[in-house]
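Numbering (the UniProt record's numbering), first residue to last: 1 to 445. In this text, a Cβ means the ideal position worked out from N, Cα and C, and glycines have one as well.
(1) Could you spell out where the beta strand (DSSP E) holding residue 74 opens and where it closes?
(2) Quick one: grab the DSSP three-state call for residue 183.
(3) Less than 7 angstroms between C-beta atoms, sequence neighbours within five positions excluded: which residues of the same chain meet that for residue 291?
(4) Which whole-angstrom value is the C-beta distance of residue 114 and residue 302, which I expect to be below 8 angstroms?
(5) Return the bridge partner residues of residue 113 from the DSSP annotation.
(6) For residue 206 and residue 81, which I take to be in contact (beta-carbon distance under 8 angstroms), what is that distance rounded to the nearest angstrom?
(7) Just the Cα atoms here: how many angstroms apart are residue 237 and residue 187?
(8) Leaving out the 5 sequence neighbours to the left and right, which residues in its chain are closer than 8 angstroms to residue 393 when beta-carbon positions are compared?
(9) Are the CB atoms of residue 262 and residue 152 within a distance shorter than 7 angstroms?
(10) Compute the beta-carbon to beta-carbon distance between residue 221 and residue 250, rounded to the nearest angstrom, for a pair I have assumed lies under 8 angstroms.
(11) Could you check the C-alpha separation between residue 214 and residue 76 for me, to the nearest Å?
(12) For residue 243, which beta-bridge partners are listed by DSSP?
(13) Between which two residues does the alpha helix (DSSP H) containing residue 264 stretch?
(14) Within 10 angstroms of the Cβ of residue 311, are there 16 or more other Cβ atoms? Answer buried if so, exposed if not.
(15) According to DSSP, simplified to helix, strand and coil, what is residue 84?
(16) Kindly provide the ranges of any beta strand (DSSP E) runs that are 3 or more residues long and lie completely inside the region 373-419, ordered along the chain.
(17) Starting from residue 255, trace the beta strand (DSSP E) in both directions and tell me its first and last residue.
(18) Can you grab the Cα-Cα spacing for the pair residue 355 / residue 90, in whole Å?
(19) Here's a check: name, in chain order, each residue in its chain whose Cβ is nearer than 7 angstroms to the Cβ of residue 156, leaving out the five neighbours to either side.
(20) Going by Cα to Cα distance, which pick from 182, 359, 163 is closest to residue 337?
(21) Along the chain, which unbroken stretches of the beta strand (DSSP E) at least 3 residues long are found entirely within the region 335-379?
(22) Quick check: the Cα distance between residue 320 and residue 94, rounded to an integer number of angstroms?
(23) Please return the same chain residues whose Cβ sits closer than 8 angstroms to the Cβ of residue 182, not counting the five positions on each side in sequence.
(24) Count the other CB atoms, across all protein chains shown, that sit within 10 Å of the CB of residue 92; report buried if there are 16 or more and exposed otherwise.
(25) Identify which residue in 367, 415, 192, 68 has its Cα closest to the Cα of residue 104.
(26) What separation, rounded to the nearest whole angstrom, lies between the Cα atoms of residue 128 and residue 297?
(27) Checking the sheet assignment: what are the DSSP bridge partners for residue 425?
(28) Could you give the distance in angstroms between the alpha-carbon of residue 299 and the alpha-carbon of residue 375?
(29) For the alpha helix (DSSP H) that residue 328 lies in, which residues bound it at each end?
(30) Helix, strand or coil, according to DSSP, for residue 133 in the structure here?
(31) Helix, strand or coil for residue 147 per DSSP?
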């Protein structure tokens, strides 16, 4: 069952005095901007693929797609945060007691960095300059030639890019003959899924969500091929950069041969929306699936610490995928998922460990997942920026009927932050994981 959220007169608007007061408080808060705007994508010149370059094995598609190919591009170069060590959780004997200690260390480190304390100082040019990589999946539906619609998907924290495949399969089935979908791309952040495997050893203990917005823009402006194609046979694993004049034209005027619709869930919804506010010409529409876009002050510290501790404490390894599926099926958290989505998670979110009988582990480590949960600044910044997103970019929200996880009182305010050319649907009985619980709603719409 679905419903909608109607606009109300309680929507927050700011007069000049309120705006000045908010900005003063914002600059004093741990959320204060600490990096260049996300338009500074600075894509790194393509490093050569050396003989030592290895790639993770990609499991077969969970649904019968005409074509799927995985490609690799460099992330935006020169990260917002400095390179700092990842805290050690210790061995099995100490892990439980270390969870709370490391959680406080991660949250405290993020807050201090946001205030410009330590780590070279926020915005002081001390960003990590190691080259990181992004994996992207491309899906080419069977179709004729033409402009069509290009879909771009961004996942939530802890999920592989393939988590969208059940949604994509339903979407293609529902729109066949009615909507010309030319091409589909799913991006994976640097510390999730196959991207995490490529970046193993180069991920640090600090992360700013703005970097993922920069990564999205780097891909969309500098690496997305000039036009859709019905085949990936001509595309190399390392996607080449498009010519600099074309990249600059895209950033200012959008695409000449594409109509881009972006879909993002949770973390992916927030960072995609932030990217759109920085380069709106790239986007024709946004579909935001319960994005972490929250007014400043509405993200309780206890919620953040709870998410961080939960990620640190989670189990990461099993003897086999079959055992992992059995264990996850018994978990109240995972048992609520649609079985097909959980199957994708087990197949594509785990990787075989080296050595006979070593079992499988999560591609996204609990520590890296926890680091992602420490950012509360970008959700607040995106909320503020969203009001200025041009009305030309259609905005559609998919929200859970049980929104308590991310705050009930501001849900309507979020959905109507920009009222023009906006709409929403509420999925009753769904939680924040609406993207994996009821993915068919996206396909049906």
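Put simply:
(1) Per DSSP, residue 74 belongs to the beta strand (DSSP E) from 68-74.
(2) Residue 183 falls in the strand class under three-state DSSP.
(3) Closer than 7 angstroms at the Cβ level, and outside the excluded window around residue 291, lie 264, 266, 269, 270, 273.
(4) 18 angstroms between Cβ atoms; not a contact.
(5) Answer is none; residue 113 lacks a bridge partner.
(6) Confirmed, about 4 angstroms.
(7) Rounded to whole angstroms, residue 237 to residue 187 spans 14 angstroms at the Cα level.
(8) Listed in chain order, the non-local C-beta contacts of residue 393 below 8 angstroms within the same chain comprise 276, 280, 283, 284, 285, 286, 421, local neighbours out to five positions each way being set aside.
(9) Yes, the pair counts as a contact, with Cβ atoms nearer than the cut-off.
(10) Cβ atoms of residue 221 and residue 250 come within 8 angstroms of each other, at about 5 angstroms.
(11) For residue 214 and residue 76, the distance between alpha carbons rounds to 6 angstroms.
(12) BP columns for residue 243 are empty, so no partner.
(13) That residue, residue 264, is in no alpha helix (DSSP H); its beta strand (DSSP E) goes 260-265.
(14) Its Cβ being crowded by 16 or more others within 10 Å, residue 311 is buried.
(15) Residue 84: coil per DSSP, three-state reduction.
(16) Assignment of beta strand (DSSP E) within the region 373-419, counting only whole runs of 3 or more residues, yields 394-400 in chain order.
(17) Taken as a continuous stretch (DSSP letters only), residue 255 belongs to no beta strand (DSSP E), as it is neither H nor E.
(18) Taking the straight line joining both Cα atoms gives about 22 angstroms.
(19) Excluding sequence neighbours, residue 156 sits near 265, 266, 267, 268, 435.
(20) Of the listed residues, the one whose Cα sits closest to residue 337 is 163.
(21) Taken in chain order, the unbroken stretches of beta strand (DSSP E) that lie wholly in the region 335-379 and span 3 residues or more are 350-352, 360-362.
(22) It is roughly 25 angstroms from the alpha-carbon of residue 320 to the alpha-carbon of residue 94.
(23) Taking residue 182 as the centre and dropping the five residues before and after it, the same chain places the C-beta of 141, 143, 146, 147, 148, 149, 150, 228, 258 closer than 8 angstroms to its C-beta, in chain order.
(24) Looking at its Cβ environment, which holds fewer than 16 other Cβ atoms inside 10 Å, residue 92 is exposed.
(25) Of the candidates 367, 415, 192, 68, the one whose C-alpha sits nearest the C-alpha of residue 104 is 367.
(26) One Cα belongs to residue 128, the other to residue 297, and the distance between them is close to 29 angstroms.
(27) The bridge partners DSSP lists for residue 425 are 398.
(28) Rounded to whole angstroms, residue 299 to residue 375 spans 10 angstroms at the Cα level.
(29) Note, residue 328: alpha helix (DSSP H), 321-330.
(30) Residue 133 falls in the strand class under three-state DSSP.
(31) Coil, per DSSP.
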